[in-house]
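Asks: Please find one structure pasted underneath; my questions will follow.
2 protein chains.
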Amino acid sequence: MLNIKYPVIQAPMAGGIIPPDVAAAISNAGCLGSIAAGGLSITELESQIGTVHALTRSPFQVNLFANDYPEPYAIAAINKELNTIRQRLGIPVIESYSFTTAEPLESYVDLCIQYKVPVVSFTFGCPTPSLVDKLHDAGVTIMGTISTVGEALRMRNLGIDIVIAQGYEAGGHKGGFTDSPSIGLMALVPQVVDAIDLPVVAAGGISDRRGVQAAILLGADYIQAGTRFLNTFESTAHPLHKAAISRAYETDALYTSAFSGKTARGIRNQMMDKLSHLEIPPYPYMNIMTKDIRAAAKNQQQVDFMSNWSGQNIRSSETQSISCVIAELTASFR
Amino acid sequence: MLNIKYPVIQAPMAGGIIPPDVAAAISNAGCLGSIAAGGLSITELESQIGTVHALTRSPFQVNLFANDYPEPYAIAAINKELNTIRQRLGIPVIESYSFTTAEPLESYVDLCIQYKVPVVSFTFGCPTPSLVDKLHDAGVTIMGTISTVGEALRMRNLGIDIVIAQGYEAGGHKGGFTDSPSIGLMALVPQVVDAIDLPVVAAGGISDRRGVQAAILLGADYIQAGTRFLNTFESTAHPLHKAAISRAYETDALYTSAFSGKTARGIRNQMMDKLSHLEIPPYPYMNIMTKDIRAAAKNQQQVDFMSNWSGQNIRSSETQSISCVIAELTASFR
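Protein sequence lines, in the order shown, are assigned to chains V and F. The numbering of the first sequence is this note's numbering, which starts it at 1212 and goes up by one. The numbering of the second sequence is this note's numbering, which starts it at 1212 and goes up by one.
Put into structure tokens, the structure is as follows:
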């Protein structure tokens, strides 16, 4: 359904971790390259889509965040702690925030349609039925990220084309949209495959050909890898982030909501420890509140206040080139 | 190394869930049947080993708990809550406990050697080096349960023969021995396989031939299944426990320490909810403290106060016969 040579998808990772030219190269290599629109303005996304189109005729995807906007709460207590971190990093303390509304999801969808993006995926929520119709009318393939069978059924009922089943092992943000316990990929994939009649992408903890083969045997049609693509020479992840992955143990990549207000898996550091006992405002508010801290930490090489996302299959991953990663993940299909 | 026809192990489950004659039948069918010695006296274990020996010449295992005995603490607050549950079940309240010491692990090991048990496995801890030597001198194959690569390395350094890698998905007790985060099986198996040069058993979330094949492709030499063997006509699990598994969703099987003081995965119920915000005394103290409640709940058909252990691969499992389960799990090898 994706019209790609190998059933391998580069996980979309917000923050420009995989630049558009690298995403295009991944697509040219027969996998599905991805642009993560999370955090990008319409103009920035337009530019990235243009770059990918200029560099490949192969399919690629744009990933959109379809999150709700709950009321911000519990801001004051957490901000007190964030200000102690700001003082430590020597950046201005902040006493109040203006949570400006992001551009509506529909604008991003319209842009994708305008620029003939072949595949659009959603995380953190479901698109509305009218957005689904709009995308389908334009011939766009729609993927939706789920963490449970119940979420998969909701995506199926909405008319989504492909479901991305993300397991507990996955690095970065938990992409589903209900406040549910996480399911290990070994248990999640067969239950999703049995429950819906759509193609399924297995995501989380897959880092080499063994994981790819195992996921396919569990019934997945595609696999998605994040950490392996992040820890490459070509990714723009901070060098200290890559070094942390190369050095870490599987027990170091923990769930936290300290950076964004949403559960995400990253390598344990002081930021996670300092905030672990406080009530964290929900996404996207916490994400906005920590933006200056994450930026300053990167500038100052302070790995303890950066979000060093990683999945649990971490021991095998020295920093490599994208082509090595692709060769490994597609080995079973060549 | 286990001299079994199919690389399939019936997970040991304490409480006599799989009676010794059924364990023998599992061994006769070419898998590894198991006696769970946890909670059994020496005399009871002796009798169960006798039954298995009388019914099979094929290999079987005895599983032993090798847990520490930390100081009991936080007894009073939790006991207050347990007494409200006792009143509800109409059983006597308890004001103080005598935590009598269990018979030493060495006595169980000696019994296994005396009765020529072919395989002895350990959970909740490592055997001492002298117990390892004793078992090896007697020709016994030793398996050790681990939840992380670090634990696997400790088992390897001790001279254990086979490592049981138990993933986050597994039902019942987390069998490792450090206070570590859980690792999804998809990430755990390849990392353990790469780190040690011993045979590896994959455990957790495997419920059909797809899971078996996937685990073998990840590098496991054997697989272990628990929930599937528990939810059979032949198991002595409470009928309401089996019904709960047959009815549950994958999101219902949660981690709790409410029943035993150790992390275990079971179907969410009132007991788990009522105690979730209290400090729980460590194993084995909490296990001893809840014994009367668990027994009364079973007698009274009160599923809300029973420990309904289950793994995360739960949707596929109607109650079946053991022979159906074995046919499914061994399908790839026939």
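Cβ atoms here follow ideal geometry from the backbone N, Cα and C, with glycine treated the same way.
#1: Under the rule that 16 or more other beta-carbon atoms within 10 Å means buried, what is Asp1419 of chain F, buried or exposed?
#2: Secondary structure at Ile1237 of chain V, three-state DSSP: helix, strand or coil?
#3: When you compare each of V:Asp1279, V:Leu1300, V:Cys1323, V:Asn1278 to Pro1270 of chain V by their alpha carbons, which one comes out closest?
#4: Identify the contact partners of Leu1429 of chain F in chain C, using a Cβ-Cβ distance below 8 Å as the criterion.
#5: List, from N- to C-terminal side, the alpha helix (DSSP H) runs of 4 residues or more that fit wholly inside the segment 1233-1302 of chain F.
#6: Looking at the secondary structure, which residues open and close the alpha helix (DSSP H) in which Thr1359 of chain V lies?
#7: Tell me the DSSP secondary structure of Thr1438 of chain V in three-state form.
#8: By Cβ distance below 7 Å, which residues in the same chain neighbour Gly1227 of chain F in space, the five residues on each side in sequence not counted?
#9: Can you check whether the CB of Ile1246 of chain V is closer than 8 Å to the CB of Pro1231 of chain V?
#10: Which chain F residues are close to Ser1269 of chain V, counting only those with a beta carbon under 9 Å from its beta carbon?
#11: For a quick check, are the C-beta atoms of Ala1413 of chain V and Ile1434 of chain V less than 8 Å apart?
#12: Beta-carbon of Asn1524 of chain V versus every beta-carbon of chain F: anything under 8 Å?
#13: CA-CA distance, Ser1468 of chain V and Ala1475 of chain V?
#14: Between Pro1392 of chain F and Thr1334 of chain F, what straight-line distance do the alpha-carbon atoms span, to the nearest angstrom?
#15: Contact defined as beta carbons within less than 8 Å: I believe Ser1528 of chain V pairs with Thr1438 of chain V. What is the distance between those atoms, to the nearest angstrom?
#16: Taking Ala1349 of chain F as part of the alpha helix (DSSP H), name the residues at either end of that continuous run.
#17: Terminal residues of the continuous alpha helix (DSSP H) containing Ile1499 of chain V?
#18: To the nearest angstrom, how far is the alpha carbon of Thr1389 of chain F from that of Ile1357 of chain F?
#19: Hey, quick one: how far does the beta strand (DSSP E) through Arg1476 of chain V stretch, first residue to last?
#20: So, does the segment 1489-1506 of chain V touch the segment 1270-1287 of chain V, judging by three or more C-beta pairs under 8 Å?
#21: Assign Asp1344 of chain F to one of two classes, buried (16 or more other C-beta atoms within 10 Å of its C-beta) or exposed (fewer than that).
#22: The alpha helix (DSSP H) that contains Ser1457 of chain F, what's its start and end?
#23: Mind checking who Gln1531 of chain V pairs with in its DSSP beta bridge?
#24: Any idea what DSSP makes of Val1374 of chain V, helix, strand or coil?
#25: Do the segment 1523-1543 of chain F and the segment 1234-1246 of chain F meet, that is, are 3 or more Cβ pairs less than 8 Å apart?
#26: Can you find a CB in chain V that lies within less than 8 Å of the CB of Met1397 of chain F?
#27: Give the residues from the segment 1342-1371 of chain F that approach chain V closer than 8 Å (Cβ to any Cβ), ordered along the chain.
#28: Could you tell me the alpha carbon to alpha carbon distance between Leu1540 of chain V and Met1500 of chain F, rounded to whole angstroms?
#29: Name the residue from F:Asn1524, F:Phe1276, F:Ala1436 whose alpha carbon lies nearest to the alpha carbon of Tyr1546 of chain F.
#30: From V:Val1273, V:Phe1470, V:Gly1378, V:Gly1250, pick the residue whose C-alpha is nearest to that of Thr1312 of chain V; which is it?
#31: Residues of chain F with CB closer than 8 Å to the CB of Ile1417 of chain V, please, in chain order.
#32: Flag this pair as yes or no: are the beta carbons of Gly1395 of chain F and Gly1370 of chain F separated by less than 8 Å?
#33: I need the straight-line Cα distance from Val1514 of chain F to Phe1444 of chain F, nearest angstrom please.
#34: I want to see whether chain V comes within less than 8 Å of Leu1489 of chain F, judged by CB atoms only; does it?
#35: Name the residue from V:Cys1337, V:Leu1275, V:Val1304, V:Lys1327 whose alpha carbon lies nearest to the alpha carbon of Glu1314 of chain V.
#36: In whole angstroms, what is the alpha-carbon distance linking Leu1441 of chain F and Ser1487 of chain V?
Replies: Checking against the coordinates, here is how it stands:
#1: Indexing the second sequence from 1 puts residue 1419 of chain F at position 208. Buried is the call here.
#2: Residue numbering aside, residue 1237 of chain V sits at position 26 when the first sequence is read from its first letter. In the three-state reduction of the DSSP assignment, Ile1237 of chain V falls in the helix class, which pools H, G and I.
#3: Counted from its first residue, the first sequence places residue 1270 of chain V at position 59. Here the closest residue by C-alpha is V:Cys1323.
#4: The chain inventory of the structure shown lacks chain C, comprising the protein chains V and F.
#5: Counting whole runs of 4 or more residues, the segment 1233-1302 of chain F contains the alpha helix (DSSP H) stretches 1253-1266, 1286-1300.
#6: In the first sequence, counting from the first residue as 1, residue 1359 of chain V sits at position 148. Where Thr1359 of chain V is concerned, there is no enclosing alpha helix (DSSP H), given that its DSSP letter is neither H nor E.
#7: Numbered from 1 along the first sequence, position 227 holds the residue referred to as residue 1438 of chain V. The DSSP-derived three-state label of Thr1438 of chain V is helix.
#8: Looking up residue 1227 of chain F in the second sequence gives position 16. Leaving aside the five residues that flank Gly1227 of chain F on each side, the residues in its chain whose CB is nearer than 7 Å to its CB run, in chain order, Thr1447.
#9: For the purposes of this step, residue 1231 of chain V is identified with residue 20 of the first sequence, where counting begins at 1. For the purposes of this step, residue 1246 of chain V is identified with residue 35 of the first sequence, where counting begins at 1. Yes, they are a contact pair.
#10: As a first step, residue 1269 of chain V must be located in the first sequence, where it is residue number 58. Ordered by position in chain F, no residue passes the 9 Å Cβ test against Ser1269 of chain V, which lies about 28 Å from the chain.
#11: On the first sequence, residue 1413 of chain V is found 202 positions in, with the first residue counted as 1. On the first sequence, residue 1434 of chain V is found 223 positions in, with the first residue counted as 1. Contact flag set, yes.
#12: The residue you call residue 1524 of chain V lines up with position 313 of the first sequence. Under the 8 Å criterion on CB atoms, Asn1524 of chain V is classed as interfacial with respect to chain F.
#13: Position 257 of the first sequence, counted from the first residue, corresponds to residue 1468 of chain V. Position 264 of the first sequence, counted from the first residue, corresponds to residue 1475 of chain V. Each residue's Cα considered, the two are about 6 Å apart.
#14: Along the second sequence, read from residue 1 onward, the residue named residue 1392 of chain F stands at position 181. Along the second sequence, read from residue 1 onward, the residue named residue 1334 of chain F stands at position 123. Taking the CA atoms as reference points, Pro1392 of chain F sits about 17 Å from Thr1334 of chain F.
#15: Within the first sequence, the letter at position 317 stands for residue 1528 of chain V. Within the first sequence, the letter at position 227 stands for residue 1438 of chain V. So it is a contact: roughly 6 Å between Cβ atoms.
#16: Against the second sequence, residue 1349 of chain F aligns to sequence position 138. First-last for Ala1349 of chain F: undefined, no H or E at that position.
#17: Numbered from its first residue, the first sequence carries residue 1499 of chain V at position 288. Where Ile1499 of chain V is concerned, the enclosing alpha helix (DSSP H) stretches over 1496-1500.
#18: Along the second sequence, one-based indexing puts residue 1389 of chain F at 178. Along the second sequence, one-based indexing puts residue 1357 of chain F at 146. Those two C-alpha atoms are separated by around 9 Å.
#19: Here residue 1476 of chain V refers to the residue found at position 265 of the first sequence. Counting along the chain, the beta strand (DSSP E) containing Arg1476 of chain V begins and ends at 1475-1478.
#20: Under the 8 Å Cβ criterion, the segment 1489-1506 of chain V counts as touching the segment 1270-1287 of chain V, having at least three qualifying pairs.
#21: Residue numbering aside, residue 1344 of chain F sits at position 133 when the second sequence is read from its first letter. Classification of Asp1344 of chain F: exposed, given that the 10 Å Cβ count is below 16.
#22: Residue mapping note: residue 1457 of chain F aligns to position 246 of the second sequence, counting from 1. Counting along the chain, the unbroken alpha helix (DSSP H) around Ser1457 of chain F starts and ends at 1450-1458.
#23: Locating residue 1531 of chain V in the first sequence gives position 320, where the first residue counts as 1. Looking at the DSSP assignment, Gln1531 of chain V forms a beta bridge with V:Thr1443.
#24: For the purposes of this step, residue 1374 of chain V is taken as the residue at position 163 of the first sequence. Annotated three-state conformation of Val1374 of chain V is strand, per DSSP.
#25: The segment 1523-1543 of chain F makes contact with the segment 1234-1246 of chain F: 3 or more CB pairs, one atom from each, lie closer than 8 Å.
#26: In the second sequence, residue 1397 of chain F corresponds to position 186, counting from 1. Yes, because at least one Cβ of chain V sits closer than 8 Å to the Cβ of Met1397 of chain F.
#27: For the segment 1342-1371 of chain F, which is checked against every Cβ of chain V, the residues closer than 8 Å are Thr1359, Val1360, Gly1361.
#28: Counting from 1 along the first sequence, the entry for residue 1540 of chain V is found at position 329. Counting from 1 along the second sequence, the entry for residue 1500 of chain F is found at position 289. Looking at the two C-alpha atoms, the distance is approximately 50 Å.
#29: This structure cannot settle anything about residue 1546 of chain F, because the visible part of chain F is limited to 1212 through 1545.
#30: What you label residue 1312 of chain V is simply residue 101 of the first sequence in a count that begins at 1. Nearest Cα to Thr1312 of chain V within the set V:Val1273, V:Phe1470, V:Gly1378, V:Gly1250: V:Gly1250.
#31: Taking the first sequence and counting its residues from 1, one reaches residue 1417 of chain V at position 206. Per Cβ cutoff of 8 Å: Met1397.
#32: For the purposes of this step, residue 1395 of chain F is taken as residue 184 along the second sequence, with counting starting at 1. For the purposes of this step, residue 1370 of chain F is taken as residue 159 along the second sequence, with counting starting at 1. No, the pair does not count as a contact, with Cβ atoms beyond the cut-off.
#33: The residue you call residue 1514 of chain F lines up with position 303 of the second sequence. The residue you call residue 1444 of chain F lines up with position 233 of the second sequence. Spanning the alpha carbons of Val1514 of chain F and Phe1444 of chain F requires a straight line of approximately 18 Å.
#34: The sequence position of residue 1489 of chain F within the second sequence is 278, counting from 1. False, the Cβ-Cβ gap to chain V never drops below 8 Å.
#35: Here residue 1314 of chain V refers to the residue found at position 103 when the first sequence is read from its first residue. Checked all of V:Cys1337, V:Leu1275, V:Val1304, V:Lys1327; the closest Cα to Glu1314 of chain V is V:Leu1275.
#36: Sequence index remark: in the second sequence, residue 1441 of chain F carries index 230 (1-based). Sequence index remark: in the first sequence, residue 1487 of chain V carries index 276 (1-based). Leu1441 of chain F and Ser1487 of chain V: Cα-Cα distance of roughly 37 Å.
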